[in-house]
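Accompanying notes for the structure given below.
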Amino acid sequence: MADKYFNDLNYSLANEDTRLELDLCKIYKPKSILSICGSGGRFLPLLASGPKKIVALDLAPQQLYLAEMRKMVILQCDFDSFLIFWGFPPFKTTENRVKRKAIFESLTLSTECRKYFEELFASNDYEGLIYKGKWERTIIGVPKLLRRVVGNRYDKMFEF
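The number in the numbering used here is simply the position in the sequence shown, starting from 1, with 1474 added.
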């Protein structure tokens, strides 16, 4: 079971709130930080606190590759290219496939990271990755399932 879980992206966006950790790092100014990698969305913002070293750990190598690529997109792209690459609004994950491919090919990545994402991008025709993690696909699927189960009452459930 663990092999099945750790052979694909588990998190691709997982929009983590790092304010607490970042505030603590700004107060205590650690020289090094140890963090779980996940999508990279939790530990990469901690770079703003100025540590000399951040170590990200994850059982799934794909998550480490994702963080590597996220870091390189941040370092090597302007803001619009960053948004286009991942598929963040105002751009869509299904748009800008040629531009996304060009950005990907320009990134400085490890051999393993490049190989993993070449295969992933080839399998989805260079669609943006922010909703490709298992967690994100589950979150997208739950409302569809709920609509089938509760029908017209779905919208009323969320009226306050």
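Where a beta carbon is used, it is the ideal one built from N, C-alpha and C, also for glycine. From a predicted model like this one, the values you see are computed outputs, not experimental measurements.
| Which stretch, first to last residue, makes up the beta strand (DSSP E) that contains Leu-1531? | Numbered from its first residue, the sequence shown carries residue 1531 at position 57. Leu-1531 -> beta strand (DSSP E) spans 1527 to 1531.
| Relative to the C-alpha of Ile-1528, which residue among Lys-1503, Glu-1601, Phe-1562 is closest? | Here residue 1528 refers to the residue found at position 54 when the sequence shown is read from its first residue. Out of Lys-1503, Glu-1601, Phe-1562, Lys-1503 has the C-alpha closest to the C-alpha of Ile-1528.
| When the Cα atoms are used, what is the spatial distance from Phe-1632 to Phe-1565? | As a working mapping, residue 1632 is identified with position 158 in the sequence shown. As a working mapping, residue 1565 is identified with position 91 in the sequence shown. Linking Phe-1632 to Phe-1565 through their CA atoms gives a straight-line distance of about 27 Å.
| message | For the alpha helix (DSSP H) containing Ile-1558, name the first residue and the last one. | response | In the sequence shown, the residue the question calls residue 1558 occupies position 84. For Ile-1558, the enclosing alpha helix (DSSP H) starts and ends at 1553 to 1560.
| Contiguous alpha helix (DSSP H) assignments of at least 4 residues, all confined to the region 1492 to 1543 | If only uninterrupted alpha helix (DSSP H) runs of at least 4 residues are considered, those enclosed by the region 1492 to 1543 are 1493 to 1502.
| Taking Cβ to Cβ, would you say Ser-1513 is nearer than 9 Å to Ser-1486? | What you label residue 1513 is simply residue 39 of the sequence shown in a count that begins at 1. What you label residue 1486 is simply residue 12 of the sequence shown in a count that begins at 1. Contact flag set, yes.
| 8 Å contact criterion, which Arg-1571 and Tyr-1600 should meet: CB distance rounded | Taking the first residue of the sequence shown as position 1, residue 1571 is located at position 97. Taking the first residue of the sequence shown as position 1, residue 1600 is located at position 126. Indeed, because the Cβ distance is near 4 Å, the residues count as touching under 8 Å.
| message | Cutting at 7 Å between CB atoms, please list the residues of its own chain near Leu-1538, excluding the five before and the five after it. | response | Taking the sequence shown and counting its residues from 1, the one referred to as residue 1538 is at position 64. So the list reads Cys-1511, Ala-1530, Asp-1532, once near-sequence residues are dropped.
| said: Can you check whether the C-beta of Cys-1499 is within less than 9 Å of a C-beta belonging to chain C? | reply: You won't find chain C in this structure, because it holds only one protein chain.
| message | Between Gly-1515 and Glu-1490, how many whole angstroms is the CB-CB distance? I'm expecting something under 8 Å. | response | Taking the first residue of the sequence shown as position 1, residue 1515 is located at position 41. Taking the first residue of the sequence shown as position 1, residue 1490 is located at position 16. Between Glu-1490 and Gly-1515 the Cβ distance is about 5 Å, and since that is below 8 Å, they are a contact.
| query | Is it true that the region 1609 to 1618 meets the region 1554 to 1564, where meeting means three or more beta-carbon pairs spaced less than 8 Å apart? | reply | When Cβ pairs closer than 8 Å are counted between the two stretches, the region 1609 to 1618 is seen not to touch the region 1554 to 1564, the count staying below three.
| said: Quick check on Glu-1633: does DSSP put it in helix, strand or coil? | reply: Walking along the sequence shown from the start, residue 1633 turns up at place 159. In the three-state reduction of the DSSP assignment, Glu-1633 falls in the coil class.
| query | Below 9 Å between beta carbons: does that hold for Leu-1603 and Thr-1567? | reply | On the sequence shown, residue 1603 is found 129 positions in, with the first residue counted as 1. On the sequence shown, residue 1567 is found 93 positions in, with the first residue counted as 1. Yes.
| task | Using three-state DSSP, classify Gly-1607 as helix, strand or coil. | result | Mapped onto the sequence shown, residue 1607 falls at position 133. Collapsing the DSSP output to three states places Gly-1607 in coil.
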